[in-house]
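Worksheet for the structure shown next.
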Amino acid sequence: MSLQPHIRLSESSTGAQYALLPGDPQRVDRIAQFLDNPEPLGQNREFRALRGWYRGIEILVVSTGIGGPSTAIAIEELRQIGIKTLIRIGSCGALQDFLTLGDVVIAQGAVADEGTSKTYAPASYPACADPQLTAQLIRQSQLLQIPAFSGLVRSHDSFYTDREAALDAEWSARGILGADMESAALMVVGSLRGLRTASLLNVVVAHNGSLDSSINDFVQQDALCLQGEARQISLALHAIYSDSQQGEQ
Ligand SMILES: O=P(O)(O)O[C@H]1O[C@H](CO)[C@@H](O)[C@H]1O
Ligand SMILES: O=c1cc[nH]c(=O)[nH]1
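Residue numbers for the sequence shown follow full-length UniProt numbering, so the first one is 1 and each next one is one higher.
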């Protein structure tokens, strides 16, 4: 298979079937600390890649950048090089008061309030994570005693519009746990392409908290947010190991 034009990887770059997908390229380097023999595979645009091993299982890590379009490009090209299971290692803003910084949201599905998924299918097409993979993540969160909440999230394309507070209030009232920008595209493109997907979101903005100052804190390595990030990475890796032992690949 030829070199993929955006992620700049080919089948000869990796034999991995599992991929972890952070949004932020810098998170790729922090995920490396959880893997054996991490090997950087370069960066093109927002797509920084690295491979490593967890308990003998090869894992590819590729950042998706911000939003649905670059995420969909990454998923399509990762499929071309043999990836079958993709877990987002993302961050989100909380839409419920009971969520605190560093909690992990396990997204069972997403409100697709973004444009990318609609370029693939009508808006009525559901954005759902793989149920078995998600169940495995929930089970591992219980075994590891990681503070985690499973439910629905909302993926959006806007960030600084004048309607953000009203939109958050509206979706909070419907019980949505958190807001991110990539989960829906990941789930819709994954389902249509026969891939298994899941999304783990680290809470980095409290409900009704200040969006810009909270994200600044995260970028400046706030301890609670980094703890949440470590938890979500560990959770994903434990789930991948259990999944691989069940011969589901
Ligand atoms: O931290 P990541 O994974 O990029 O996720 C969240 O952070 C970005 C916005 O700050 C968006 O990509 C949103 O989905
Ligand atoms: O509120 C937030 C915080 C992080 N990322 C988002 O997409 N929304």
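Note that the Cβ used here is the ideal one computed from N, Cα and C, for glycine as well.
Check                                                                                                                                                                  : Outcome
Evaluate contact between the stretch 181–198 and the stretch 109–124, counting only Cβ atoms and requiring at least three cross-stretch pairs below 8 Å.               : yes
Within this structure, are the beta carbons of residue 60 and residue 137 separated by less than 8 Å?                                                                  : no
Check whether the Cβ of residue 22 sits closer than 7 Å to any heavy atom of ligand 1, and report yes or no.                                                           : yes
From residue 135 to residue 141, what distance separates their C-alpha atoms?                                                                                          : 10 Å
Classify residue 184: buried if its beta carbon has 16 or more other beta carbons within 10 angstroms, exposed otherwise.                                              : buried
Quick one: what does DSSP say residue 218 is sitting in, helix, strand or coil?                                                                                        : helix
Cα separation between residue 121 and residue 80?                                                                                                                      : 21 Å
Have a look at residue 225 and residue 240 and give me their C-alpha separation to the nearest angstrom.                                                               : 23 Å
Throw me the rounded Cβ distance for the residue 203 and residue 146 pair, which I believe falls under 8 Å.                                                            : Their Cβ separation, rounded to whole angstroms, is 12 Å, which puts residue 203 and residue 146 out of contact at 8 Å.
Contact defined as beta carbons within less than 8 Å: I believe residue 14 pairs with residue 48. What is the distance between those atoms, to the nearest angstrom?   : About 14 Å; that fails the 8 Å criterion.
Alpha carbons only, please: which of 21, 195, 237 and 245 is nearest the one belonging to residue 67?                                                                  : 21
Just to confirm, is the Cβ distance from residue 242 to residue 107 under 8 Å?                                                                                         : no
Output needed for residue 78: all residues of its chain with C-beta closer than 6 Å, excluding positions within five of it in sequence on either side, in chain order. : 19
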